[in-house]
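Protein chains in written order, with this note's numbering: chain A, -15 to 96; chain B, 89 to 412.
Quick reminder that beta carbons are idealized off the backbone N, C-alpha and C, glycines included.
Before any comments, here is the structure.
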């Protein structure tokens, strides 16, 4: 049973490697349009900047709290420093991912 | 979309350096991705896969325990790449995956998770090698076209490729959950066992069910977007720093040296950060897939985890002692 599961997963993996389904299928057809609407769309850039900027504030505060608590915990018990450091890096990467979701939303707002 | 126009324009924009470029126009018979034909990031991915296909079986055959005719020599791993890979795999398995998933699921899913990890790691690291810029230089001095590049770019900075990886993770998570819990048990698991509690909690069950069902689909998409955004963000930052001297006016004297120097030093330091982010994001993708797989197991499996808390691979006691 596990052999067929592995074969199915590998076949799916290979198919996805060879045929990437377009995530922006609607946008590919518009690639030849001139940028006629560029003049009246200053709001898009403003929205994109605000989206990315305000989200990064939250991420900064969050990762700062993680760092400070990790330093406190390591100062209390230095022999646990390695495990605390690994947990800190992991959690910081997850929170940074959330801030980057907002940056991606900013990209989409700014150019589409 | 305007993104594509920015890439093909005359100006070098930071975003233009990150986007896909078409290599040759095959869109009559092959319609893939945003570009609609074979793109340079796709070719880079194929090259990365070929590198992995040649390296990894050799590494694995050296790590594996050999025939018993060699005596005790068979346990030694020879070769530098094999030793690096062995250290990485052992560390990830013993200190990251076994505490999360338990012994048996780790052994079952370790090939899949390690394939995911090394694939994403190779894709991320290939993006840091300046293949496209070398080809730009060759093109500029060879025939005057400084946009020439066939291979180059980070494959994982393409949302299509990361969504594909997330789809593979999603399929594996669902396979595990349907095998462990069954279809009915899977739906019960989505209610977080609220139906077994006091009767007044039954009002919350629809809300919890909808949220958990959405979470089943959103979590792999978040994996894809996290990897994609980290890779794109890093390369856009690098391109922005390196394009800063392009905004200098034509001053005489050495006034431009300062900007160029600072731009170069900052680019080197940011590249170090990018190498770290490459490893970290590959690890995060694999680790979160493992966590999502383990969330879909039976909860009575957690009793087995208690026996692993008393010692880990380094022999240190892992439950915290009160400070004396």
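Minimum length 4: unbroken alpha helix (DSSP H) runs contained in the stretch 121 to 155 of chain B: 128 to 151
8 Å contact criterion, which residue 227 of chain B and residue 221 of chain B should meet: CB distance rounded: Rounded to the nearest angstrom, the Cβ distance from residue 227 of chain B to residue 221 of chain B is 10 Å, too far for a contact under 8 Å.
Where residue 364 of chain B falls: helix, strand or coil (DSSP): helix
Presumed contact (8 Å Cβ cut-off) between residue 289 of chain B and residue 277 of chain B, rounded CB distance: Wrong, their Cβ atoms sit about 16 Å apart, outside the cutoff.
Beta-carbon neighbours of residue 50 of chain A, restricted to chain B and to distances below 7 Å: Ordered by position in chain B, no residue passes the 7 Å Cβ test against residue 50 of chain A, which lies about 14 Å from the chain.
Cα-Cα separation, residue 413 of chain B to residue 198 of chain B: It is not possible to answer for residue 413 of chain B, since the shown part of chain B is limited to 89 through 412.
One or two residues paired with residue 112 of chain B in a DSSP bridge: In DSSP, residue 112 of chain B forms a bridge with B/126.
Contact test: residue 285 of chain B Cβ vs the ligand GTP heavy atom, cutoff 7 Å: For the structure depicted, the ligand GTP is absent and the ligand set is empty, with no information on it obtainable.
Cβ of residue 75 of chain A within 8 Å of any chain B Cβ: Closer than 8 Å: no.
Residue-chain proximity (residue 394 of chain B, chain A), Cβ-Cβ < 8 Å: Summary for residue 394 of chain B: the model assigns pLDDT 48, below 50, so the residue's position carries little reliability; its value from the coordinates is reported in the next sentence. It does not; no Cβ of chain A falls within 8 Å.
Nearest candidate by alpha-carbon position, reference residue 250 of chain B, set B/333, B/386 and B/312: Cα-wise, what sits closest to residue 250 of chain B is B/312.
Chain B within 8 Å of residue 31 of chain A, Cβ atoms only: Answer no: the Cβ-Cβ gap between residue 31 of chain A and chain B never drops below 8 Å.
Close-in-space but distant-in-sequence residues of the same chain around residue 326 of chain B (CB under 8 Å, 5 per side omitted): Cβ within range, chain order: 355, 358, 359 and 362.
Buried or exposed (CB count within 10 angstroms, at least 16 for buried), residue 146 of chain B: exposed
Residue 96 of chain A, DSSP secondary structure in three states: coil
Straight-line gap, residue 32 of chain A to residue 83 of chain A (C-alpha atoms, nearest Å): 13 Å
8 Å Cβ cut-off: residues of chain A touching residue 318 of chain B: 80, 81 and 84
Cβ separation of residue 255 of chain B and residue 210 of chain B, assumed to be a contact under 8 Å, to the nearest whole Å: No, residue 255 of chain B and residue 210 of chain B are not in contact; Cβ-Cβ is about 19 Å, not under 8 Å.
Under the three-state DSSP convention, the category residue -8 of chain A falls into: Helix.
Those runs of the beta strand (DSSP E) which lie wholly inside the stretch 207 to 241 of chain B and span at least 3 residues: none
7 Å CB neighbourhood of residue 336 of chain B in its chain, flanking five on each side removed: 344 and 347
is_contact[residue 329 of chain B, chain A] using C-beta, thresh 8 Å: no
Supposed close pair residue 136 of chain B, residue 243 of chain B - CB separation, criterion 8 Å: 6 Å
For residue 117 of chain B, three-class secondary structure by DSSP: coil
Cβ-based contacts, 8 Å cut-off: residues of the stretch 229 to 244 of chain B near chain A: none
Contact set between residue 307 of chain B and chain A, taken where Cβ atoms lie within less than 7 Å: Near residue 307 of chain B there are no residues of chain A at all, since even the closest Cβ is about 12 Å away, more than 7 Å.
Contact the stretch 157 to 166 of chain B vs the stretch 177 to 191 of chain B: 3+ CB pairs below 8 Å: They do not touch, by the three-pair rule.
Interface residues of the stretch 170 to 199 of chain B facing chain A [CB-CB below 9 Å]: 183, 184, 196 and 199
Contact residues within the stretch 250 to 268 of chain B, judged by C-beta distance below 9 Å to chain A: 251, 252, 253, 255, 256, 259, 260, 263 and 267
Limits of the unbroken alpha helix (DSSP H) element including residue 265 of chain B: 247 to 278
Beta carbon of residue 128 of chain B nearer than 8 Å to that of residue 111 of chain B: yes
Interface residues of chain B facing residue -7 of chain A [CB-CB closer than 9 Å]: 200, 256, 259, 260 and 263
Any C-beta of chain B under 8 Å from that of residue 43 of chain A: With a threshold of 8 Å between beta carbons, residue 43 of chain A makes no contact with chain B.
Per-residue contacts from residue 40 of chain A into chain B (C-beta, under 9 Å): In chain B, no part has a C-beta under 9 Å from the C-beta of residue 40 of chain A; the shortest such distance is about 11 Å.
Rounded Cβ spacing between residue 216 of chain B and residue 317 of chain B (contact assumed at less than 8 Å): Residue 317 of chain B and residue 216 of chain B do not touch by the CB rule: their CB atoms are close to 17 Å apart, not below 8 Å.
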